[in-house]
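Every letter in the sequence shown is one number past the one before it in the numbering used here, and letter 187, counting from 1, is 256.
Below is one structure; the comments refer to it alone.
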Amino acid sequence: MDILRIATAGSVDDGKSTLIGRLLYETNSITKDKIEALETASKRKGLDFLDLSLLTDGLIAEREQGITIDVAHIYFSTPSRKYIIADTPGHVEYTRNMVTGASNAKVSLILVDARQGMVEQTARHLSIAAMLRIPKVIICVNKMDLVQYQESTFEEIKASLTELVKQTTFEGQEISFLPISSLYGQNITKKAEQMPWFTGNTLLGELEAFEYAETLAHAPARFPVQFVVRPMTEAYHDFRGYAGKISSGTFRVGDAIRVLPTGQESTIATIEKFEDKLSEAKAGDSVVITLSTDIDISRGNTIVLASEANAPQLKDFSAQVCWLDHQALTPGKTYLLQHGINITKAKISQITERLDVVAQTATEGVDSLKLNEIGRIALRTAQPISADVYANNPSNGAFILIDEFSNSTVGVGFVQ
70 MDILRIATAG SVDDGKSTLI GRLLYETNSI TKDKIEALET ASKRKGLDFL DLSLLTDGLI
130 AEREQGITID VAHIYFSTPS RKYIIADTPG HVEYTRNMVT GASNAKVSLI LVDARQGMVE
190 QTARHLSIAA MLRIPKVIIC VNKMDLVQYQ ESTFEEIKAS LTELVKQTTF EGQEISFLPI
250 SSLYGQNITK KAEQMPWFTG NTLLGELEAF EYAETLAHAP ARFPVQFVVR PMTEAYHDFR
310 GYAGKISSGT FRVGDAIRVL PTGQESTIAT IEKFEDKLSE AKAGDSVVIT LSTDIDISRG
370 NTIVLASEAN APQLKDFSAQ VCWLDHQALT PGKTYLLQHG INITKAKISQ ITERLDVVAQ
430 TATEGVDSLK LNEIGRIALR TAQPISADVY ANNPSNGAFI LIDEFSNSTV GVGFVQ
């Protein structure tokens, strides 16, 4: 079975943790002892119902305050698919947690409180889903029980979000709207009896039906070398292979290749996976590649196809960045830039704009980016990096910025 990665998002108290708990409960993914512990904890809180949010809010502070602070990863499965859900925080001050939690997701569930409608966080999370190139977004209008399951309320919220959706989505991204009540399990795994007017699928039905084309196999071929294999044994005395995980594209035996950054060229002799010899390998495969000639390749080099005329070697480029540090980003500062396993120094030349995620407008000429703000920067690296434009090849277009003194990750960037 394939694994579908999902990220939840939404404002405070929109019911993200309860929704995930309901999914786990109704797919029989909770053991009996956990259900008994939930019943006990719910009674201790004076509740006359099962507080399913306690399944994901694991930190003491989260339980005490009734909010989500850290990213929790939850696993469940159905007979046809496995799921990994990243339950991300809703507070604006935890936007950085939301970005990291959603970075590998294929589906984003954005919750909207039916009583409140669209709020600032709705716009922020739609913008981040577009920035991360998440293929499908399901906007869940939650707490429909508190508005008497009125169709008119759902339609008003849907209409109010239409223009924002047009501004934030990218070509090919799927957007759908769903009225739900996570507290009472309406439209989660079963059709809502209280909302006969809604003829669409349930949430689980949407997730089960979603088919995402794995575009990485058709993206430019990239093979970052993780390890040079030299057994030096009697049986494999002259063996030299290059181990790693293909980040994008497809490699075949006989392909002419080029090594970045050195520019040396050779031909693929074999592709090996454990004891099997393959004729080809594609994105996601962890393999060992051997070449027809001995050339100097080290950990951190990238193997690309020789037929690619403009393989990337970037030193001066622009990037969209989400700032993760309390100390603001300002032009002229130097950081460590990590792309894959390679680390080089990078100087911020300019902050070209800061994005207002609510109005979807950009302010030019700003002199800083503060914690959780998103903007566009120009930077120069000491050594070239083999990165692609993120929109064309997400697996090879992202990087992080590290404070060279504290060793803290201070920003996540997307090559533009």
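Built from N, CA and C at the ideal position, the CB exists for glycine as well.
- In the DSSP assignment, residue 314 falls outside any alpha helix (DSSP H) and within the unbroken beta strand (DSSP E) covering 310–314.
- Counting along the chain, the unbroken alpha helix (DSSP H) around residue 166 starts and ends at 164–171.
- With a beta-carbon spacing of about 10 Å, residue 92 and residue 99 fall beyond the 8 Å limit used to define contacts.
- Look at residue 435 here: in three-state DSSP terms it is coil, with no helix or strand label.
- Per DSSP, reduced to three states, the secondary structure at residue 223 is helical.
- A residue is called buried once 16 or more other Cβ atoms fall within 10 Å of its Cβ, and residue 241, having fewer, is exposed.
- Close CB contacts of residue 259 within its chain, under the 8 Å cut and outside five residues either way in sequence, are with 95, 271 (chain order).
- DSSP places residue 238 outside both helix and strand once states are collapsed to three, so it counts as coil.
- Short of 6 Å from the beta carbon of residue 472, and not among the five residues preceding or following it, lie these beta carbons of its own chain, in chain order: 479.
- Bridge pairing for residue 347: 340 [DSSP].
- Judged by DSSP secondary structure, residue 422 falls within the beta strand (DSSP E) whose first and last residues are 411–425.
- Of all alpha-carbon atoms in 406, 303, 89, the one lying nearest the alpha-carbon of residue 449 is that of 406.
- Only residues of its own chain outside the window of five on either side were considered, and among them 466, 484, 485 have a CB closer than 7 Å to the CB of residue 458, listed in chain order.
- Residue environment: residue 331 is assigned as exposed (fewer than 16 neighbouring CB atoms within 10 Å of its CB, all protein chains considered).
- Taking residue 358 as reference, the option from 335, 378, 379 with the minimal CA-CA separation is 335.
- Counting along the chain, the unbroken alpha helix (DSSP H) around residue 102 starts and ends at 101–113.
- Beta bridge pairing from DSSP links residue 392 with 480.
- Checking the DSSP bridge columns, you'll see residue 205 partnered with 176, 243.
- Taking C-alpha positions only, residue 374 is separated from residue 181 by approximately 46 Å.
- Exclusion of the five residues before and after residue 469 leaves 407, 478, 481 as the residues of its chain whose Cβ lies within less than 6 Å of its Cβ.
- With the rule of 3 Cβ pairs closer than 8 Å, the region 316–328 counts as touching the region 336–354.
- Note on geometry: alpha-carbon atoms of residue 341 and residue 309 lie some 12 Å from one another.
- Between the alpha carbons of residue 385 and residue 437 lies a gap of roughly 20 Å.
- Judged by beta-carbon spacing, residue 419 lies within the 8 Å limit of residue 446, meaning their Cβ atoms are closer than that value.
- Look at residue 286 here: in three-state DSSP terms it is helix.
- Closest option to residue 74, judged by alpha-carbon separation, among 154, 295, 120: 154.
- The region 230–237 makes no contact with the region 275–293; the number of CB pairs closer than 8 Å stays below 3.
- A residue is called buried when at least 16 other Cβ atoms come within 10 angstroms of its Cβ; residue 305 does not meet this threshold and is exposed.
- The C-alpha of residue 205 is placed about 19 Å away from the C-alpha of residue 149.
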